[in-house]
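If you read the protein sequences in the order shown, they are chains A and B.
Quick note: the first sequence uses the working numbering, first residue 1, plus one each step.
Quick note: the second sequence uses the working numbering, first residue 1, plus one each step.
For every residue, glycine included, the Cβ atom is placed at its ideal position computed from N, Cα and C.
As C-alpha cells, the structure follows; a few thoughts come after it.
Protein chains: 2
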Amino acid sequence: MITELNIKQVEKISKALGDPYRLKIMKIISQSDSCVQCCDVSAEFNLAQSTMSHHLKQLIEADLLIADKEGRNLKFVVNKEVCAAYAKYISDFGL
Amino acid sequence: MITELNIKQVEKISKALGDPYRLKIMKIISQSDSCVQCCDVSAEFNLAQSTMSHHLKQLIEADLLIADKEGRNLKFVVNKEVCAAYAKYISDFGL
DNA sequence: TAAAAACATCGAAATATTTAGATATTCAAA
DNA sequence: TTTGAATATCTAAATATTTCGATGTTTTTA
C-alpha cells in the first residue's frame, strides 16, 4: 500500500516516463485488459531486444510496472497505486 | 485552456520533472502563495546562475511554469492546468 | 550616462543515457 | 539431454544532459 512518494521516487518515475518508447510501453500495457508479455511489447517496436529489456527494467525499477515471471516469460501489469500516487504528487503542485 | 496533452508533451514534462533541482523548484514555487522571483529561487540552491536559468527554462518550455517578466525581474507561477492534465494522463495508465 | 542588478546565451568539460551486438541464463519442448 | 525461445547482462559507441565560467542584454538606479 503506497501512501506517499518521496522526492527521490518522483524523480525516478519522472525519468522513467521521460522517453517516448517507455511512454508507449506504458500505454500498451495499460490499454490491454490482461497481462502483457515482454515479447509482445517488443514486437511493437523496432528496437533490439537488449534495448527493450533496458527500457522495461527502468519502468519496473521505478515501480510503474509490476513484472511477473512465468516460466521463461515475463508478464506485466501497470502499478495502479504508484501511478495514482505520482499523479497526486504532481497535481498537488497546482494547489 | 488545455484539454489533453499529446505524448510529446508528456515526454517533455516528464523529462523536466526528472531532475532533483527542478522538482525542488516546482515545490518552492507551488508552496509560495504569491509569485516567486527567479533570484529568490536561485538563493535556495548552490548552483551557478546560468545553471539555474537553464533549469527554469526547461520547466517553462514544458509549460509547467508560467513566467512573467517585470522589468529586469522574472516571476513564476505554477501552470495548474498543465499539472492537472499531466497528472490525469499518468493516472489514466492505472485505469 | 555610468554602474549595477537580473537574467539569458554560448562554449566546453564532465557525466548520464540510449542503443546495439555479443554472450549468458533460464526454462520448455522435442 | 540437446535445442530453441525468452529474457538479462556486459561492453562500447553514439548521443544527450548537466554544469560552469564568460559574456551579452535589458532595465533600474546612482
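Within chain B, the C-beta atoms nearer than 9 Å to that of MET26 of chain A come from ILE90 and PHE93, in chain order.
Put simply, of B:LYS75, B:ILE60, B:ASP68 and B:TYR89 the residue whose alpha carbon is nearest the alpha carbon of VAL10 of chain B is B:TYR89. Counting only the Cα atoms, LYS24 of chain A lies some 12 Å from ASN6 of chain B.
For VAL78 of chain A, the chain B residues whose Cβ falls inside 7 Å of its Cβ are PHE93 and GLY94, in order along the chain. Taking 7 Å as the cut-off between beta carbons, the residues of the stretch 29-47 of chain B near chain A are SER30, in sequence order.
Buried is the label assigned to ASN79 of chain A, since at least 16 other Cβ atoms lie within 10 Å of its Cβ. Bridge partners of LYS75 of chain B according to DSSP: B:GLN37 and B:ASP68. In the DSSP assignment, SER14 of chain B falls within the alpha helix (DSSP H) that extends over 7-17. The beta-carbon of TYR86 of chain B is placed less than 7 Å from the nearest beta-carbon of chain A. At a cut-off of 7 Å between beta carbons, GLY71 of chain A makes no contact with chain B. Under the DSSP assignment, GLU4 of chain A falls outside any alpha helix (DSSP H); it carries neither an H nor an E label. Taking the CA atoms as reference points, GLN37 of chain B sits about 19 Å from ALA16 of chain B. When Cβ-Cβ separations below 7 Å define contact, GLU11 of chain B makes contact with chain A. Annotated as proximal: VAL77 of chain A and CYS35 of chain A, with beta-carbon spacing under 7 Å.
ILE7 of chain A reaches chain B at PRO20, LEU23, LYS24 and LYS27, counting residues in chain order whose Cβ is nearer than 9 Å. One finds VAL10, GLU11, ILE13, SER14, LYS15, LEU17, GLY18 and ILE90 in chain B with Cβ atoms closer than 9 Å to the Cβ of LEU17 of chain A, taken in chain order. Judged by DSSP secondary structure, SER30 of chain B falls within the alpha helix (DSSP H) whose first and last residues are 20-31.
By the beta-carbon neighbour count (other beta carbons within 10 angstroms, threshold 16), MET52 of chain A is buried.
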